[in-house]
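First up is the structure itself, then whatever we jot down about it.
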Amino acid sequence: MSESILQIRDLTVTFATPLGPLVAVRGVDLDVGAGELVAVVGESGSGKSVSFLAAMGLLPSTATVQGSVMLDGVQLVGASAKQMRSVRGRLLSMIFQDPLSALNPVHRIGAQISEMLRAHQKMSERAARARAVELLEVVGIPQPGDRAMQYPHEFSGGMRQRVVIAMAIANSPKVLIADEPTTALDVTVQAQILEVIQKVQKQFGTAVVLITHDLGVVARVCDRVNVMYAGRFVERAAVSDLFDAPTHPYTRGLLASLPQAGKERLVPIVGFPPNMLRPPSGCAFRARCADAISDCEHAVPELRAVGAAQSACIRAAELMQPR
Amino acid sequence: MTQPEITTPVVTPAAGGALLSVRGLVKQFQMKAVRGMTGRKRVVQAVSDVSFDVAPGETLGLVGESGSGKTTVGRCVLRLIEPTAGQVMFEGVDLAKLSFEELRVVRRRMQIVFQDPYASLDPKMTVGASIAEPLVVQGVGGDHNEKVVSLLELVGLSADHARRFPHEFSGGQRQRIGVARALALDPALIVLDEPVSALDVSIQAGVVNLFNDLQARLGMSYIFIAHDLSVVRHTADRVAVMYLGKIMEIGDAETVYEHPTHPYTKALLSAVPLPNPRVERSRSRIMLEGDVPSPVNPPSGCRFRTRCWKATDLCAMQEPVLEVRSHGQLSACHHPEE
């Protein structure tokens with residue numbers, strides 16, 4: 002892996018709730034290499050979005066963030082509001098599932114992109130407008146000059162997501178965090194947006210963290226995958242290894258539950274994710290795991306190397322043996 | 009409003025007589041005039057001339073992107089909304105000809121399960137009361153409690169769940185409660201409208217299995233409406249691919265998935281990301297340009313032509329009709345893949 006541009010160490014996010022502290026992210030480590038496209042996969046409530054909202058400094062005041070997030074040598078945990086304003090949109094950008102909520106309905110698209118440019122760069126209004134049109138072209142919006150003069154409601158869902166991507170890459174950030182960017186889109190439009198994201202990654206060398214629940218999307222575009230469960234990474238692997246030889250029972254369970262051509266019967270994962278207000282001792286997955294043994298109750302398993310992958314299952318190596 | 013023109017429908021004859029038979033179904037929605045704006049009223053063509061059959065015990069998958077009209081078809085079938093034109097025959101009865109009272113009796117035999125299990129249960133009613141509600145509404149006698157318990161067990165929940173409230177359940181469990189309620193009146197047909205879209209994959213699998221098991225046991229038919237083509241492939245016997253209110257291709261599910269003949273079906277299947285990196289990285293992908301056009305003003309001729317790489321002048325002038333292809337399915341295209 003190339004030198005890591007984003008380095009997350011022991012990231013922990015705790016929310017104060019009326020029912021007591023809820024630890025949504027429990028000691029997460031992640032390295033993202035420059036220009037790499039990595040996936041963070043998990044189901045609802047696994048902490049995948051919260052981890053990166055924490056990195057962006059976008060969590061509400063009820064959240065306490067601990068640990069370290071180094072972006073190109075800058076520590077983001079504990080940074081002042083002013084520092085974060087200078088980082089967000091310049092070094093680190095984030096796009097979300099719903100592009101409409103990221104756009105101002107009463108301003109023209111071109112003006113919103115130029116505002117983004119001028120917030121971080123010394124640039125004339127005129128130059129910024131021209132650059133905005135170029136950016137719209139980069140993300141594949143036809144007639145970018147005319148479209149720049151239009152308002153968000155005049156764009157379709159897919160086109161809005163392109164606009165938001167144009168805004169996110171306006172200042173050539175080192176890292177783009179894409180949080181379920183295609184989940185609200187139709188499948189033919191999703192294919193287009195995934196292409197735009199890959200183009201941005203290749204053309205500008207932007208590292209992309211793709212947060213998704215869709216393993217098909219992961220298989221299509223990502224290099225490395227990090228699987229999250231109950232606020233921790235339970236497996237990380239190269240994309241081909243993950244699908245060929247998953248090392249964690251949760252990953253195996255996810256793959257078994259996916260409908261695929263030729264599959265006779267789906268195998269769901271039994272039970273539910275744990276209540277994060279009262280997480281179980283030891284491995285958080287053990288209550289749903291067919292391979293759990295009494296040792297799984299004792300300590301929270303750390304990620305350990307299993308072949309080329311890393312797995313947070315104490316039985317990973319043993320279970321990988323052909324039985 | 010002018011009556012829309014209806015072309016002669018071609019439909020796959022369902023083996024052994026159809027449970028449901030839809031002919032020339034049309035649904036238009038009048039858009040509200042915007043205050044201060046003049047001009048003609050706009051009409052959304054949600055469903056235009058759709059025909060299909062559903063055989064007893066069969067699952068018909070309805071797939072398509074947003075705006076394809078798949079949900080509107082489902083609701084017209086149940087007459088939850090009034091079709092603009094066309095015929096819906098259910099167990100030999102033309103639903104459009106029924107009075108409200110007569111329709112209520114027929115409705116026992118057809119039920120719906122919605123996408124959002126959170127919104128489709130009354131938060132102030134116990135789960136048992138929710139499941140028993142159809143029995144009360146339809147004036148079914150006998151011991152409702154006993155029936156509720158057997159329904160809960162049928163969908164993989166337990167008897168003591170009846171006393172609890174919806175908020176005490178997870179999404180997957182709530183969807184099971186919705187299914188139990190739909191089963192209360194022993195329906196012959198259930199419309200499943202995106203029934204697993206709101207669920208995480210690990211939970212979704214259990215609900216999909218439940219649908220298959222219930223059908224094997226009770227023999228009802230499903231109309232399975234979903235945008236997720238992999239889920240539909242797993243559940244449907246036959247599949248209809250819709251685009252802008254029209255059926256583009258319909259036939260045996262395996263045939264349509266393995267040998268798509270309509271360019272839209274091909275493009276749709278190629279856009280679905282498969283959870284297999286080797287396949288994903290080696291297969292050629294058809295990238296459709298642009299978005300689905302507005303159903304207020306659909307393209308002339310073939311509705312897909314504006315995004316189709318095979319489109320010719322003919323496609324703009326003449327609307328293709330459904331025709332039988334070599335693998336047995338029907339598709340509406342002037343330039344089909346064979």
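From first to last, the protein sequence lines are chains C and P.
For any residue, its number in my numbering is found by taking its place in the first sequence, counting from 1, and adding 1.
For any residue, its number in my numbering is found by taking its place in the second sequence, counting from 1, and adding 8.
Virtual Cβ for every residue (Gly too), placed ideally from N, Cα, C.
Min CB distance residue 2 of chain C to chain P below 8 Å: With a pLDDT of only 46 at residue 2 of chain C, under 50, the local geometry of the prediction cannot be trusted, and no value is derived from it.
Length of the line joining the Cα atoms of residue 235 of chain P and residue 264 of chain P: 15 Å
Chain P contacts from the segment 84-102 of chain C (Cβ-Cβ distance under 8 Å): none
Terminal residues of the beta strand (DSSP E) in which residue 225 of chain C lies: 225-230
Residue 250 of chain C: first and last residue of the uninterrupted beta strand (DSSP E) it sits in: Residue 250 of chain C -> not in any beta strand (DSSP E); alpha helix (DSSP H) instead, spanning 250-258.
Chain P within 8 Å of residue 214 of chain C, Cβ atoms only: yes
Cross-chain neighbours of residue 285 of chain P in chain D, by beta carbon under 7 Å: Absence of chain D from the displayed structure is noted, the protein chains being C and P.
Residue from C:140, C:85, C:219 with nearest C-alpha to residue 200 of chain C: C:140
Span of the alpha helix (DSSP H) around residue 263 of chain P: 261-266
Cβ pair count under 8 Å reaching 3, the segment 167-176 of chain C against the segment 90-103 of chain C: yes
Where the alpha helix (DSSP H) containing residue 239 of chain P begins and where it ends: 237-243
Cβ-based burial, residue 161 of chain C [other Cβ within 10 Å; buried from 16]: buried
Close Cβ partners of residue 53 of chain P (< 7 Å) along its chain, the five nearest in sequence each way excluded: 36, 253, 303, 306
Among P:119, P:206, P:262, P:38, the one whose alpha carbon lies nearest that of residue 195 of chain P: P:119
Residues of the segment 56-68 of chain C whose Cβ lies closer than 8 Å to any Cβ of chain P, in chain order: none
Beta-carbon contacts of residue 15 of chain P that lie in its chain and below 7 Å, excluding the five residues immediately before and after: Any reading at residue 15 of chain P is ruled out, since the residue's pLDDT is 47, under 50, leaving its predicted position unreliable.
Environment of residue 183 of chain C [buried if 16+ CB atoms lie within 10 Å]: buried
Per-residue burial, residue 215 of chain P [other beta carbons within 10 Å of its own, 16 or more giving buried]: buried
Coil, strand or helix - residue 310 of chain C by DSSP: strand
Which of helix, strand or coil DSSP assigns to residue 22 of chain C: strand
Cβ-based burial, residue 213 of chain C [other Cβ within 10 Å; buried from 16]: buried
Contact the segment 196-212 of chain P vs the segment 152-172 of chain P: 3+ CB pairs below 8 Å: no
Interface residues of chain C facing residue 214 of chain P [CB-CB closer than 7 Å]: 269
Residue 272 of chain C versus C:287, C:232, C:264, C:260, residue with shortest Cα-Cα distance: C:287
Selection from P:275, P:282, P:291 that minimises the alpha carbon distance to residue 297 of chain P: P:275
Identity of the residue in C:281, C:242, C:197 nearest residue 300 of chain C by Cα: C:281
Helix, strand or coil at residue 10 of chain P according to DSSP, with G and I counted as helix: The predicted position of residue 10 of chain P is uncertain, since its pLDDT is 45 and thus under 50; a value taken from the coordinates is nonetheless stated next. Note: residue 10 of chain P maps to coil in three-state DSSP.
CB of residue 88 of chain C within 8 Å of CB of residue 75 of chain C, strictly: yes
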